[in-house]
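First up is the structure itself, then whatever we jot down about it.
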Amino acid sequence: MKKELKIFDKPKNVKKFLRLFYASLAVLLVIDFFIPKHEMFVWEGAPDFFAAYGFFSCVLLIFIAKILRILIKRDENYYD
Amino acid sequence: MTDSIHPAIILIIGAIFVPIMRGRLKSAYMLILPILAFIALLKMPDGKYWTMNFLNFQLIFARVDNLSMVFGYIFTIITFIGILFALKVEDDLQHVSALIYAGSAIGITFAGDLITLYLFWEVLAVSATFLILARRTKASRAAALRYILVHIFGGLCLLAGIMFYIHNSGTAEFGYIGLAGTGSYLIFIGIALNAAIPPLHPWLQDAYPESTVTGAVFMSALTTKSAVYVMARTFPGAEPLIWIGAIMTAIPIFYAVLENDIRRVLSYSLINQVGFMMCGIGIGTQLAINGTVSHAFCHILYKALLFMAAGSVLHMTGKIKCTDLGGLYKTMPLTCLFCMIGAASISAFPLFSGFVSKSMIISAAAYGKLVAVWLILQFASAGVFHHAGIKVPFFTFFGHDSGIRTKEPPLNMLLAMGIAAFLCIAVGVFPGPLYNILPYPVDYVPYTAAHVVGQLQLLMFGALAFCLLILSGYYPAEMRAINLDTDWFYRKGLSFLVSAVTSLCRWIARICDNLFIHILPVRLGQLSKGPVSSLIILYMKATGSDQIAIEKFRKQRTPETVSFNPMGIPVFVSLIFLFLLFVVFAFLG
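Going down the list, the protein sequences come from chains W and Y. Residue numbers for the first sequence follow my numbering, beginning at 1184 and rising by one. Residue numbers for the second sequence follow my numbering, beginning at 8 and rising by one.
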């Protein structure tokens, strides 16, 4: 048997990964101020519009999905 | 005319000989078939040819132009990849049906008239059914039955629509139809069913997760995308499709977030991706159609890649539910890598294939100033990264360690995934060759600083939301459950209908039983025993005499003399009367 990868078994590595992830987010937020925009809609020109839209879209998605689950969830053998 | 052979014929006729071969010869033969089909494709010149007369119609088996060619290329490429992935499967049923299935998808692509289209359309549905049946489980048998019934319904809508259309327009040409008249609406419904447009979509998430490991790869590529092709051919610029497409991108992502079965998550994200294509067809501009076609091309590659990765996990571990999986990156690092490349492509990360195609459709919506549609498409883009981009790899390969220790799938499966992954990146990095084969000239630059940064922000901050929700425990937990979808109407709704009708019939039967067996004979018996006193009692009841007086009368009454032949005299009188009437009419009339 080949050696297993265990890179994410160590909490230190997970922390490192998350830190890298947060850093890349910060870079994206800052870099947005320095690039030329070619917006089709007014709000596209607003600084960091896509960051906010992406974040709140996903929060909204989960929020609605949680409500939806209450309505549509059935037992695994529901159709049997 | 041409010296080439129809690629569909190569695959369909070629499929027949698969069962008589064994071992390496069989493997080589199966791999050569799509290569031959691809070569045949390259030799097909533009135009309409390979015609045949049938009744009063001309069947056209080859109508070659830019639009049909792109789909021809990608269908043969994915057939090769799919066969390579399935090479070690020792089940001729699957190989034969997969080849016929791919052949009929190519047949649809090059059909030049509606009757040829219909013929291949039905073969497509039947051959796909066998890819579900071949799983040989109780669930797959039931799913296959539902699949074929739903597709027969869709096929009949298409057939009825075609008949109306031919009757009204006098031509069977397979070209622009547009939404006008009964025939066109029926054709639209038939195509919409195969394209999995809600609420006609549930067959997809019902059947694909029940199909075989390798069958799902073919199915993810062919049925919906051949419907996209037919829709792009017949209904470009149909305005309702803009909204249908936008809704289609949004609804499935909620289901995908809740779903536990990885292949069902992928099925929902498939519907979401086809939504982008429907939206593009609805917008109908050159940019939108180019976007739709290129997105179909890219989508086939990355969706097949994702289904192959999920299939590899199912093949190696026998499990496919989020609740059972996790931590597989440790023993399946390559599969994990391929899955993540597919995930990055479907999420439209820069340098991956989805980025260069999906953005064309969204830009086309922006050029058309479709504000709400644009916002929904961006929402769906963030959402698709959320479930297909992060959820699928995270719960399968990372997340909690399920304790499963397995190994990589066989070499042929890895190779098939490797080729698809390579193509996903190649198209993402060098979109030029893809842009060159699109139906219209392309004047679109995907890689601008604003676009790259905007897209990265959208995705990465979506990822941040996932990350924070998982860490805070607010993310909906994976559970073993069924989420109701519109297939409820034919899976449960029908039995409800049957039981409702049954109880209604029982109720009517009970009333009849009471009336004709119990009440009426008793009353008639009473009447015949004492007709005069019965009538008097009835009269007393009607005039409101009190109960005591009625009871008193009942006790006092004496048995009435009743004739032994009570019906004889009235019947005799009636007969005489009728005879007299006859005489009067006969002699006076």
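Backbone N, C-alpha and C fix where the C-beta goes; we use that ideal spot for every residue, glycine too.
| Check | Outcome |
| --- | --- |
| Using Cβ-Cβ distances below 9 Å, what residues of the stretch 1184-1211 of chain W are close to chain Y? | MET1184, LYS1185, GLU1187, LEU1188, LYS1189, ILE1190, PHE1191, ASP1192, LEU1201, PHE1204, TYR1205, SER1207, LEU1208, LEU1211 |
| For the beta strand (DSSP E) containing VAL25(Y), name the first residue and the last one. | Where VAL25(Y) is concerned, there is no enclosing beta strand (DSSP E), given that its DSSP letter is neither H nor E. |
| Between which two residues does the beta strand (DSSP E) containing GLY54(Y) stretch? | 54-61 |
| I'd like to know if PHE1233(W) contacts chain Y, where contact means its C-beta is closer than 8 Å to some C-beta of that chain. | yes |
| Would PHE523(Y) be called buried (16 or more neighbouring beta carbons within 10 Å of its own) or exposed? | exposed |
| Comparing C-alpha positions only, which one of ALA214(Y), VAL224(Y), ARG498(Y), THR509(Y) sits nearest to ILE84(Y)? | VAL224(Y) |
| Using a Cβ cut-off of 8 Å (strictly closer), state whether LEU463(Y) contacts chain W. | yes |
| Along chain Y, which residues have their Cβ under 8 Å away from the Cβ of PHE1224(W)? | ALA373, VAL378, TRP381 |
| Any heavy atom of the ligand GDP closer than 7 Å to the Cβ of TYR1236(W)? | By its list of ligands, the structure shown contains no ligand whatsoever, and the ligand GDP lies outside what it can speak to. |
| Do the stretch 11-24 of chain Y and the stretch 37-56 of chain Y make contact, defined as three or more Cβ pairs closer than 8 Å? | yes |
| Which residues, in order along the stretch 55-81 of chain Y, keep a beta-carbon less than 8 Å from a beta-carbon of chain W? | none |
| Within a Cβ cutoff of 6 Å, which residues of the same chain sit near THR136(Y), ignoring the five residues on either side of it in sequence? | ALA151, TYR154, ILE155 |
| By DSSP, does GLU129(Y) sit in helix, in strand, or in coil? | helix |
| Using a Cβ-Cβ distance under 8 Å, would GLY469(Y) count as near chain W? | yes |
| With a 10 Å radius around its C-beta and 16 neighbouring C-beta atoms as the bar for buried, classify GLY54(Y) as buried or exposed. | exposed |
| With distances taken from CA atoms, which of LEU321(Y), ILE81(Y), LEU166(Y) is nearest GLU3(Y)? | Only positions 8 to 596 of chain Y appear in the structure, and residue 3(Y) is not among them; the question remains open. |
| Measure from the C-beta of ILE1255(W) to each C-beta in chain Y and report whether the shortest distance is under 8 Å. | yes |
| Determine whether the beta carbon atoms of THR324(Y) and THR219(Y) lie at a separation below 8 Å. | no |
| Look up PHE356(Y) in the DSSP assignment and say whether it is helix, strand or coil. | coil |
| Let me know if MET1184(W) comes out buried or exposed under the rule of 16 or more other beta-carbons within 10 Å of its beta-carbon. | For MET1184(W), the predicted model reports a pLDDT of 46, less than 50, meaning its position is unreliable and no value from the coordinates is stated. |
| Short of 8 Å in beta carbon distance, which residues of its chain neighbour PRO400(Y), apart from the five on each side in sequence? Order them along the chain. | CYS343, CYS346, MET347, ALA350 |
| Looking at C-alpha atoms only, which residue of ARG143(Y), ALA47(Y), ARG29(Y), GLN101(Y) is the closest neighbour of ILE113(Y)? | ALA47(Y) |
| Quick one: residues in its chain with C-beta nearer than 6 Å to the C-beta of ALA105(Y), no 5 flanking neighbours on either side, listed in chain order? | PHE225 |
| Counting C-beta neighbours from all protein chains within 10 Å, is the total for TYR481(Y) 16 or more, i.e. buried, or is it exposed? | exposed |
| How is PHE68(Y) classed by DSSP in three states: helix, strand or coil? | strand |
| By how many angstroms is the C-alpha of MET284(Y) removed from the C-alpha of GLU129(Y)? | 23 Å |
| Counting only the same chain and skipping the five closest in sequence on each side, list residues whose C-beta sits under 7 Å from that of PHE127(Y). | SER111, GLY114, ILE115, ALA118 |
| List, in order along the chain, the chain W residues whose C-beta lies closer than 7 Å to that of TYR336(Y)? | LEU1188 |
| When you compare the CB positions of ASN490(Y) and LEU308(Y), do they come within less than 8 Å of one another, or not? | no |
| Which runs of the alpha helix (DSSP H), 4 residues or longer, sit entirely within the stretch 416-463 of chain Y? | 418-436, 439-443 |
| Between LEU193(Y) and chain W, is any beta-carbon pair separated by less than 8 Å? | no |
| Would you decide whether LYS1189(W) is buried or exposed? Buried here means 16 or more other CB atoms lie within 10 Å of its CB. | exposed |
| Which residues in chain W have a C-beta closer than 7 Å to the C-beta of ARG487(Y)? List them in chain order. | GLU1259 |
| Alpha carbons only, please: which of ALA457(Y), THR231(Y), PHE503(Y) is nearest the one belonging to TYR1262(W)? | PHE503(Y) |
| Smallest Cα separation from TYR215(Y): which of VAL378(Y), ALA149(Y), PHE242(Y)? | ALA149(Y) |
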